[in-house]
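Working notes, structure below.
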Amino acid sequence: MRAEEILMLFPEGSRDRWREVAKMARRLQEIRLRACLPLSILVDNREYFVDRQGQIVDIPEEAARPLPEELENLLGHLCKYSIYAFADEIRQGFLTVQGGHRVGLAGQVILDGEGRIKNMKYIRYLNIRIAHQIRGAADALMPCLYEDGQVMSTLLISPPGGGKTTMLRDIIRQVSDGTVYGRGINVSVVDERSEIAGSYLGVSQNDVGIRTDVLDGCPKVEGMMRLIRSMAPRVLAVDEVGSLADAQALQMAGGCGCKLLATIHGGSMEEVRRKDYMRYIMEQGLFERYVMLDRRQGACRIVEIYDGEGKPCTRQ
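Read left to right, the sequence shown gives residues 27 to 342 (this note's numbering).
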């Protein structure tokens with residue numbers, strides 16, 4: 027991650043004000059802009075603020091408060107001044123921009139006649155989430171995910187911000203490229219919210235491997251079966267399983283001979299076992315490994331690895 031990449035997120039005329047923030051590129055996690063409210067950043071999981079001169083300050087009273095027109099100008103820049111071309115993404119509440127960075131959007135929604143979100147206007151809240159791919163993040167885990175040269179279906183579990191998507195991305199890359207534990211194989215990814223591959227104009231901005239195909243922006247349930255029919259994957263990967271429908275789609279994919287890689291929110295095995303869809307997942311034996319993760323001092327940490335029955339197992 028380079029400072030220049032952060033500066034390119036902003037219109038040319040305002041980049042000087044972002045140079046101090048850009049110097050923190052490797053540690054920068056979020057830039058939050060809210061109309062007429064203090065401008066904040068998240069660095070190493072700590073909140074700071076940015077004043078009108080671009081200096082980093084500790085208290086919100088000293089922070090810049092961007093005007094609505096400043097946010098509109100920034101959004102236009104992020105959309106290459108063709109907001110219409112990004113209308114579908116805006117309707118879903120986020121943009122993926124060059125570099126794989128993800129911009130969350132909030133404002134006033136426009137509903138269609140059936141009460142569904144048709145579009146969004148008066149966008150007054152932007153959260154720029156800085157993408158940090160960590161190659162090798164899964165190195166310590168990979169020996170536990172193979173048996174006799176074959177990758178095992180694996181579910182990653184962590185609280186929000188615990189590093190499961192970062193870990194999933196690197197597992198996908200290594201399974202696709204091949205490791206000392208197994209040959210590279212075809213992987214298909216349903217990237218519903220563009221967080222795994224970080225596709226921009228259809229091209230993955232993150233390295234997810236040479237044998238990986240990505241279906242970007244598609245709901246998981248529909249996307250899984252679409253990829254099985256069209257791309258014949260050996261491994262199917264999805265992020266954030268969160269419903270019984272998701273679990274049933276995973277079961278269908280597994281029944282087609284695919285190994286599965288997925289993530290789920292949870293602070294412990296005891297917590298996730300209480301979810302209806304997690305009980306279904308375990309009853310159906312969809313995964314051979316469950317990996318509990320959390321984050322300590324900015325790094326993703328493996329807490330425990332469980333076998334297919336949810337019992338702690340010894341790492342190889």
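All residues carry an ideal CB built from backbone N, CA and C; glycine is no exception.
Rounded to the nearest whole angstrom, the CA to CA distance from ALA48 to LYS337 is 45 Å. Within the DSSP bridge table, the entry for CYS326 names ARG321 as partners.
Taking a 10 Å sphere around the C-beta of ASN145, we find fewer than 16 other C-beta atoms and assign the residue as exposed.
CA-CA distance, ALA163 to ARG321, rounds to 12 Å.
Burial check for ILE236: the Cβ neighbour count within 10 Å stays below 16, so the residue is exposed. Rounded to the nearest whole angstrom, the C-alpha separation of GLU330 and ILE183 is 10 Å. Taking every protein chain shown into account, the CB of ASN232 has 16 or more other CB atoms within 10 angstroms, so this residue is buried. Taken atom to atom, the span from the alpha-carbon of TYR332 to that of VAL206 is near 22 Å.
If only complete runs of 3 or more residues are kept, the region 249-302 shows the beta strand (DSSP E) at 261-264, 285-291, in order along the chain.
Counting the other CB atoms within 10 Å of its CB gives ASP217 a total of 16 or more, which places it among the buried residues. DSSP places MET178 in the coil class of the three-state scheme, outside both helix and strand. In terms of Cβ geometry, VAL213 and VAL261 form a close pair [threshold 7 Å].
GLY224 is a Cβ neighbour of THR122, given a cutoff of 7 Å.
If you look at SER202, you'll find it in the alpha helix (DSSP H) that goes 190-203. Rounded to the nearest whole angstrom, the C-alpha separation of TYR107 and GLU96 is 14 Å. Straight-line spacing of the CA atoms in ILE67 and GLY39 works out to 20 Å. Straight through space, the alpha carbons of LEU131 and ALA275 are spaced by roughly 29 Å. Under the three-state reduction of DSSP, LYS337 is assigned to coil, being neither helix nor strand.
Between the alpha carbons of LEU270 and GLY80 lies a gap of roughly 47 Å. Between LEU286 and GLY292, the C-beta spacing is not below 7 Å. Counting the other CB atoms within 10 Å of its CB gives LEU227 a total below 16, which places it among the exposed residues. Counting the other Cβ atoms within 10 Å of the Cβ of PRO64 gives 16 or more, which makes it buried. In terms of Cα proximity to TRP44, the closest of ALA258, ILE85, ASP70, ALA90 is ALA90. Shown here, TYR306 sits in a helix according to DSSP, grouped into three states.
Per DSSP, the beta-bridge partners of ILE136 are ASN145.
Its Cα nearest to that of GLN277, the residue PHE313 stands out among PHE313, VAL177, LYS301, SER220.
In this structure VAL234 touches ILE198 by the C-beta definition: roughly 5 Å separates them, less than 8 Å. When DSSP states are grouped into helix, strand and coil, SER40 belongs to the helix group.
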